[in-house]
Structure formats: structure tokens, C-alpha cells
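Chemist:
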Amino acid sequence: MKKIILCLTVILILTAGTVSAQNNYGITFGADLQLTTFTFDNLFDKTKQINLWQLMISGKIEPAEDLMMLVDHGFGYATKLNNSDFENEKSMRNYLTQVSLLYQFYNDANLEIYGGLGYNFVQNYISSLIYHDDELQKNVQLYGSGFMAASQVNFHVIDNLMIKANINAAPWYRWDYRTGGTITETGGSTYLYRLTAEYDLNPDWIVKVGYGGTRSTMKEFEFNDYQVPKTTSTQGGLQVGVTYKF
Numbered sequence: 001m002k003k004i005i006l007c008l009t010v011i012l013i014l015t016a017g018t019v020s021a022q023n024n025y026g027i028t029f030g031a032d033l034q035l036t037t038f039t040f041d042n043l044f045d046k047t048k049q050i051n052l053w054q055l056m057i058s059g060k061i062e063p064a065e066d067l068m069m070l071v072d073h074g075f076g077y078a079t080k081l082n083n084s085d086f087e088n089e090k091s092m093r094n095y096l097t098q099v100s101l102l103y104q105f106y107n108d109a110n111l112e113i114y115g116g117l118g119y120n121f122v123q124n125y126i127s128s129l130i131y132h133d134d135e136l137q138k139n140v141q142l143y144g145s146g147f148m149a150a151s152q153v154n155f156h157v158i159d160n161l162m163i164k165a166n167i168n169a170a171p172w173y174r175w176d177y178r179t180g181g182t183i184t185e186t187g188g189s190t191y192l193y194r195l196t197a198e199y200d201l202n203p204d205w206i207v208k209v210g211y212g213g214t215r216s217t218m219k220e221f222e223f224n225d226y227q228v229p230k231t232t233s234t235q236g237g238l239q240v241g242v243t244y245k246f
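Under the numbering used here, the first residue of the sequence shown carries the number 1, and numbering increases by one thereafter.
(1) Go through the stretch 66 to 134 residue by residue and report every complete run of the beta strand (DSSP E) that reaches 3 residues or more, in order.
(2) Between the C-alpha atoms of THR37 and LEU43, what's the straight-line distance to the nearest angstrom?
(3) Should LEU52 be labelled buried (16 or more other beta-carbon atoms within 10 Å of its own) or exposed?
(4) Leaving out five residues on either side along the sequence, give the residues of the same chain with a beta carbon under 6 Å from the beta carbon of THR217.
(5) Pull up the DSSP beta-bridge partners for GLU62, would you.
(6) Which value, in whole angstroms, describes the spacing of the CA atoms of MET68 and ARG194?
(7) Which residues mark the beginning and the end of the beta strand (DSSP E) in which ASN166 is found?
(8) Rounded to whole angstroms, what's the CA-CA distance from LYS80 to ILE50? Just pull it up for me.
(9) Could you pull the start and end residues of the beta strand (DSSP E) that THR184 belongs to?
(10) Just verifying my parser: in three-state terms, what is the DSSP assignment at GLY26?
(11) Grab me the residues of LEU96's own chain with a C-beta within less than 6 Å of its C-beta, minus the 5 sequence neighbours each way, in chain order.
(12) Leaving out five residues on either side along the sequence, give the residues of the same chain with a beta carbon under 7 Å from the beta carbon of SER128.
(13) Count Cβ pairs between the stretch 171 to 180 and the stretch 217 to 230 that sit closer than 8 Å; are there 3 or more?
(14) Judging by CA-CA distance, which residue of LEU192, THR243 and VAL209 is the nearest neighbour of SER100?
(15) Cα separation between SER58 and ALA109?
(16) Just the C-alpha distance for HIS156 and MET56, rounded to the nearest angstrom, thanks.
(17) What are the partner residues of ASP41, as DSSP defines its beta bridges?
(18) Checking the sheet assignment: what are the DSSP bridge partners for LYS245?
(19) Sorted by chain position, which residues of the same chain lie with C-beta nearer than 6 Å to VAL209's C-beta, five sequence neighbours on each side aside?
(20) Roughly how many angstroms separate the alpha carbons of GLY213 and PHE105, rounded to a whole number?
(21) Cβ atoms of SER145 and ASN120: under 8 Å apart, would you say?
(22) Between ALA170, GLN34, ASN224 and TYR125, which lies nearest to ILE183 when the distance is taken from Cα to Cα?
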């Protein structure tokens, strides 16, 4: 995780140097707080909902007039403070890192459409929540990664208000299931969406509110003679945050 954060920081710094030399383009940096709910079927002994507080850090770089790079990194944490059925050592942590490069295909006075390619990486650490044949798995790590098709549509409502819609799709996604020193690989998919309203307070600051989530599928696989069925998870929640324009 430290290597991921370091790589993202280097990308932002190097690109910022290029952007700063161009008067017409810039870089933005934002933070969002989200209370999100994960819903899993089959991975646990029954369908389960887990509530997480999630902090999302995002950056946008425009190295050219019709080119945009988006960088997102998030951290979520669930404990008994926001899950009444959690006890003892039950917990869940979630990390998300995503980088995408988008090209502007369409632009008029009130509408901009971008499309491109990105890469998504997610890590889930689940403690004392999953059973295999009534045997508690104290620490399960569920990693996902893959390339994705990325898109963004900007609607300019009024001078200071913009609505953004993001849809990303990774229909061929890799999942790694890790526990007890054993790693099992399987396939699946993941889809992400986000709808955000941004209001310019002044030339430097933007306030934003939105709703975002994911839908992921992990194919059936066998782990140490235990059959893990096909699992679908969904996530969604309200986001509020701010963005600073450099």
C-alpha cells in the first residue's frame, strides 16, 4: 500500500510540473467523506451488510485541452461503532486505488463527454467474519485488480454549478482470496458509478455532494477443499467533500 501511495504521489508531482507551465490548464486535489454500505451474498454464512466510513482522496490533471487524468485513492473502516452486530475482533478495512486517462470526445457550451482507459486495484481485509464449514477464518484478504473502461460526462447547469457522471467498467477482473497463508485466484467483474454536483465557491475552492458505489462479482472457486460459491457484492453511499484548484 505504501508503494501505491508513493507511485501516485510521484505521478501527481511530475505531471503538476508540466501543467504549471501551461496557463490554461491546471490540477485539482480533493477529499470526500462517505458513509457506505457493503452488501455481500454467499461469501458469509448468509447475506450480510457492513457499514464503513470511507475517506476518498482524488486528483485531476489536465496536461492538454482535451486530455484528463484522474487519480483516486480511498480508505474505509468498519468496526462495532458503526455495525451493531460486530463484537470481539470483528472488523473490515477497504482500500481502493484507481487511475484513468480520459480523452474528450465531445464538447459544446453545456456538455463535455470523456472516455478512456484506467486501472483499478482494491484490497479488503476481513477479520473474524467468514466461516469455512463452521471454522472461523480470523483473517481473510480479498484483493481485486484489472483494467477498466472509464467515462465521465460533465453537465454545466449554471455558471458555478456542474453535474458530473462517472461510469467505469471492468468486465474481466482478477480476484485473489487469501487466508492461512494460501492464495487462490479467480475471475469476475467490477463496475463503478458516481454522480456528483460541484459548486464553485470562489476561484480556488469547490464544494461537492454526490452518490457513488460499486457492483462486483467473484466467480465460484475451491479453497482448501471448501467450495466458495459465486459471490456478488454491492456498495453505495452519500459523499460530501471539497476540492482545491491549483
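C-beta: ideal position from N, C-alpha, C; glycine also.
In this text the structure is predicted, and so the values were computed from the model without any measurement.
Modeler: Well, looking at it:
(1) 67 to 78, 91 to 107 and 111 to 132
(2) 16 Å
(3) buried
(4) GLY188, SER189 and THR232
(5) Its beta-bridge partners do not exist; DSSP assigns none.
(6) 17 Å
(7) 161 to 179
(8) 10 Å
(9) 182 to 200
(10) coil
(11) GLY74 and VAL122
(12) ASN88, GLU89, LYS90, LEU136 and LYS138
(13) yes
(14) LEU192
(15) 26 Å
(16) 24 Å
(17) THR232
(18) THR28
(19) ALA197 and VAL240
(20) 25 Å
(21) yes
(22) ASN224
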